[in-house]
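In the working numbering, the protein residues as written are 20 to 397.
Backbone N, C-alpha and C fix where the C-beta goes; we use that ideal spot for every residue, glycine too.
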């Protein structure tokens, strides 16, 4: 998004919570970037005894850190004569608070449900967050229509739906790669991604065939307890020869091209990058018919008049689909799905489309403030 906006004349100033990850990339781009310690304005977790004991100290530290960050960010905005503040996630409020100090318009980029997908509870309550969304000079970009409706922003002149950018526009769908003798899951191994329910479905499928297609699980994790639970399930159901945990992979696109199908089992995916990424690679997708995954499938049905992927609601339905896809040749039964899917994602989820829509949203906002987007920093 930033790279595209820069080419259109926008001059970004970026504030991140530390010097890890994207900080170095931004420096290489020549973008002014500041590391200011701040935290999500949500309640700390209380699942374990240690978390319960540390709850109050952590909440106090969070409040103190964010109050300090607000003052520092306000000075940075003033120094750079910033015109608009864009907070790239819904659960961080220091940008909004700093924008209020200077009377600047603010955009919340709503990328998550919060409590429904990650169990995050806004502090002190969700009503305080929604008051920010309703404030004068406050605008929202939601990554799906469902996210927009969840946060009560649908139909408002200050709200837009702009889908995530996945890839640059492509001329042609990639060719098939390999014998397509495995199913693929790609993503973080965490409860929110539905890996456990996928394994349950795979076990049902594998129990009904003598030679099940292998399931390859590609992704890193932060919760070792959850991963051990997944591996214990594999052992207890005698799936060790059929399920392979690959860990973090740098060849995910190659895996997607080589898979019989990519599975998206998340129960509440806000948008879900994996499905359009797989569709860009020509992979057949099997997705849970909920939230952002459902919306992407619905978009395809609306635009083409036919399905662009396979849908399921339960583990039993997923098991049936795995059996069908494994037993039927892709070229004969599912090539049309992948071709339609590629056309849809190459229309809706490109970098070019994303940047163009965000630029126009900025432009509309700043026209109300008498500011020319291409002449002043943002």
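Is it true that the region 239-249 meets the region 208-215, where meeting means three or more beta-carbon pairs spaced less than 8 Å apart?
With the cut-off at 8 Å, the region 239-249 and the region 208-215 touch.
Please name the residue in 182, 42 and 65 whose C-alpha comes closest to that of residue 376.
Of 182, 42 and 65, the smallest CA-CA separation from residue 376 is found for 182.
Residue 429 (DSSP reduced to helix, strand or coil)
The requested residue 429 is not part of the displayed model; the chain covers only 20 to 397.
Where DSSP assigns a beta bridge to residue 287, which residues make up the other side?
In the DSSP assignment, residue 287 forms no beta bridge with any residue.
Out of 312, 272, 234 and 267, which one is the CA nearest neighbour of residue 283?
When only C-alpha atoms are compared, the closest one is 312.
Buried or exposed, going by whether 16 or more other CB atoms sit within 10 Å of the CB of residue 98?
Here residue 98 is exposed: its Cβ has fewer than 16 other Cβ atoms, across all protein chains shown, within 10 Å.
Can you tell me the Cα-Cα spacing of residue 61 and residue 141, whole angstroms?
Between residue 61 and residue 141, the C-alpha separation is close to 4 Å.
Cβ contact (3+ pairs, closer than 8 Å) linking the region 183-192 and the region 351-370:
Counting C-beta pairs with one atom in each stretch, the region 183-192 and the region 351-370 have three or more that are closer than 8 Å, which means they touch.
Check this for me: beta carbons of residue 265 and residue 292, under 7 Å apart or not?
The Cβ atoms of residue 265 and residue 292 lie no closer than 7 Å to each other.
Please identify the residue among 363, 21 and 331 whose C-alpha is closest to the C-alpha of residue 47.
Among 363, 21 and 331, the Cα nearest to that of residue 47 is on 21.
Starting from the C-beta of residue 208, find all residues in its chain whose C-beta is less than 6 Å away, skip the five residues before and the five after it, and write them out in chain order.
Only 214, 238, 240 and 246 meet the Cβ criterion.
Nearest-angstrom Cα separation, counted from residue 314 out to residue 167
Between residue 167 and residue 314, the C-alpha separation is close to 12 Å.
Please classify residue 243 as buried or exposed, where buried requires at least 16 neighbouring CB atoms within 10 angstroms.
Here residue 243 is exposed, its C-beta having fewer than 16 other C-beta atoms within 10 Å.
From the DSSP output, in three-state form, read off residue 379 for me.
Correct three-state label for residue 379: helix.
Pick helix, strand or coil for residue 28, following the three-state DSSP scheme.
In the three-state reduction of the DSSP assignment, residue 28 falls in the coil class, being assigned neither a helical nor a strand state.
Own chain residues within Cβ distance below 7 Å of residue 113, not counting five before or after:
Shown here for residue 113: same chain residues with a beta carbon closer than 7 Å to its own, the five before and five after excluded, namely 57, 85, 88, 89 and 92 in chain order.
Would you check if the distance between the CB atom of residue 193 and the CB atom of residue 306 is smaller than 7 Å?
No, these two residues do not count as a Cβ contact at 7 Å.
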